[in-house]
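I have placed the structure first, in the form of structure tokens, so that the comments after it can refer back to it.
2 protein chains.
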Amino acid sequence: MEQDRNINLGEIVRQGRVALRLTLRELSAMSGVSSSHLGRIERGERFPSGSVLRKIASPLGFEEDEIFTLAGYLSPHPSGIGEGHPHYGGRELDPFAARMLAQEPIEVQRAVIGILSILKSIATSMTKGSR
Amino acid sequence: MEQDRNINLGEIVRQGRVALRLTLRELSAMSGVSSSHLGRIERGERFPSGSVLRKIASPLGFEEDEIFTLAGYLSPHPSGIGEGHPHYGGRELDPFAARMLAQEPIEVQRAVIGILSILKSIATSMTKGSR
DNA sequence: ATTGACATTTGCCATTTGGCGAATTATAAT
DNA sequence: ATTATAATTCGCCAAATGGCAAATGTCAAT
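From first to last, the protein sequence lines are chains R and F.
Heads up: the first sequence runs through residues 61 to 191, numbered per this note's numbering.
Heads up: the second sequence runs through residues 61 to 191, numbered per this note's numbering.
Given below as structure tokens:
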């Protein structure tokens with residue numbers, strides 16, 4: 061099913077581990093992933109899921125996105141150079157609205173977006189005149 | 061084993077999809093993920109693997125690392141070089157809320173903030189008055 | 001109400017992932 | 001060489017993922 065996975069990832073992991081002079085069991089203890097699983101990953105019998113990848117990243121000295129990219133979960137460094145204001149999706153975010161919304165906890169922010177989508181559906185049904 | 065996965069990811073995906081007025085089958089056709097699986101993901105019955113996440117990112121208008129972060133596969137400040145999210149005022153702006161809101165025209169964004177402040181004043185008057 | 005055309009959900013199954021414990025294979029140390 | 005000990009691999013299992021097809025739900029137009 062998955063075809064873009066890097067088949068060399070196992071070798072990369074193994075090289076990273078031996079470079080740090082860690083045994084499978086030691087890496088297992090540091091990462092919380094079983095040593096047998098790590099061994100199978102290294103020799104390509106298994107492919108690590110995102111959560112396993114996340115667990116082994118730091119013990120091996122990888123940045124998270126770095127190892128995700130190596131694994132083929134992320135495409136090679138798409139992150140552009142920073143510009144002044146990020147362009148979330150399509151349009152631009154009004155700085156005032158952003159500042160106001162940012163003062164709320166995440167749940168409230170999400171709830172506000174939920175309310176917005178409800179209002180939008182009401183609005184469209186009004187203009188269509190149905191019901 | 062998985063503990064840091066975002067329980068709200070399904071809702072985020074659903075909101076993203078309906079915001080684009082896509083059906084499950086359409087998103088399935090665009091992403092190559094079966095519609096039944098997408099449906100289960102949206103209502104939290106399944107959690108998308110990294111490869112599924114990657115497939116649905118672009119059709120939903122997410123950056124890859126953005127949706128990986130929302131899912132909990134990457135930790136919040138992923139690895140950008142220089143570019144951090146701006147800290148509007150006190151707290152942090154939820155990326156999903158930001159991109160949803162950014163799709164609206166400025167007036168609508170302001171109106172949403174207006175509604176938010178109304179809700180907040182109602183909340184304060186409730187806690188002051190009763191109880 | 002009935003039909004038809006959809007969208008969504010459910011049942012079921014194959015595949016994959018990942019852990020535990022038992023082999024098996026190095027690696028030393030007598 | 002023969003142990004003792006550590007490291008890796010193998011066998012088997014439970015749980016999760018994801019697809020397909022059938023069932024169910026929704027809704028507009030007769």
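For each residue, glycine too, the CB sits at the ideal point set by N, CA and C.
Please work out which residues of its chain come closer than 7 Å, Cβ to Cβ, to residue i, disregarding the five sequence neighbours upstream and downstream, and give them in chain order.
i                      : result
residue 124 of chain R : 114, 117
residue 72 of chain F  : 130, 156
residue 127 of chain F : 113, 117
residue 70 of chain R  : 101, 102, 103, 104
residue 97 of chain R  : 106
residue 221 of chain F : Since the first residue shown for chain F is 61 and the last is 191, residue 221 of chain F is missing from the structure and cannot be characterised.
residue 93 of chain R  : 112, 115, 116
Got a sec? Which residues, its chain only, sit under 8 Å from residue i by beta carbon, not counting five neighbours each side?
i                      : result
residue 129 of chain R : 135, 136, 137
residue 179 of chain F : none
residue 62 of chain F  : 107
residue 164 of chain F : 172
Using three-state DSSP, classify residue i as helix, strand or coil.
i                      : result
residue 77 of chain R  : helix
residue 174 of chain R : helix
residue 96 of chain R  : helix
residue 118 of chain R : coil
residue 70 of chain F  : helix
residue 102 of chain F : helix
residue 167 of chain F : helix
residue 181 of chain R : helix
residue 113 of chain R : helix
residue 186 of chain F : helix
Just checking my contact of residue i with residue j at CB under 8 Å: how many whole Å lie between their CB atoms?
i                      : j                      : result
residue 77 of chain R  : residue 120 of chain R : 7 Å
residue 153 of chain F : residue 89 of chain R  : About 38 Å; that fails the 8 Å criterion.
residue 132 of chain F : residue 65 of chain F  : 5 Å
residue 67 of chain F  : residue 104 of chain F : 7 Å
residue 172 of chain R : residue 176 of chain F : 6 Å
residue 158 of chain R : residue 183 of chain F : Going by Cβ atoms, the distance from residue 158 of chain R to residue 183 of chain F rounds to 21 Å, so no, they are not a contact pair.
Along the chain, where does the alpha helix (DSSP H) containing residue i start, and where does it finish?
i                      : result
residue 125 of chain F : 124-131
residue 155 of chain R : 155-162
residue 62 of chain R  : From DSSP, residue 62 of chain R is part of no alpha helix (DSSP H); its letter is neither H nor E.
residue 84 of chain R  : 84-91
Counting only the same chain and skipping the five closest in sequence on each side, list residues whose C-beta sits under 6 Å from that of residue i.
i                      : result
residue 95 of chain F  : 84, 85, 88
residue 200 of chain R : This structure does not reach residue 200 of chain R, given that chain R is present from 61 up to 191, and the question cannot be answered.
residue 193 of chain R : This structure gives no information on residue 193 of chain R, because the portion of chain R shown stretches from 61 to 191.
residue 91 of chain R  : 115, 116, 119
residue 160 of chain F : none
residue 74 of chain R  : 102
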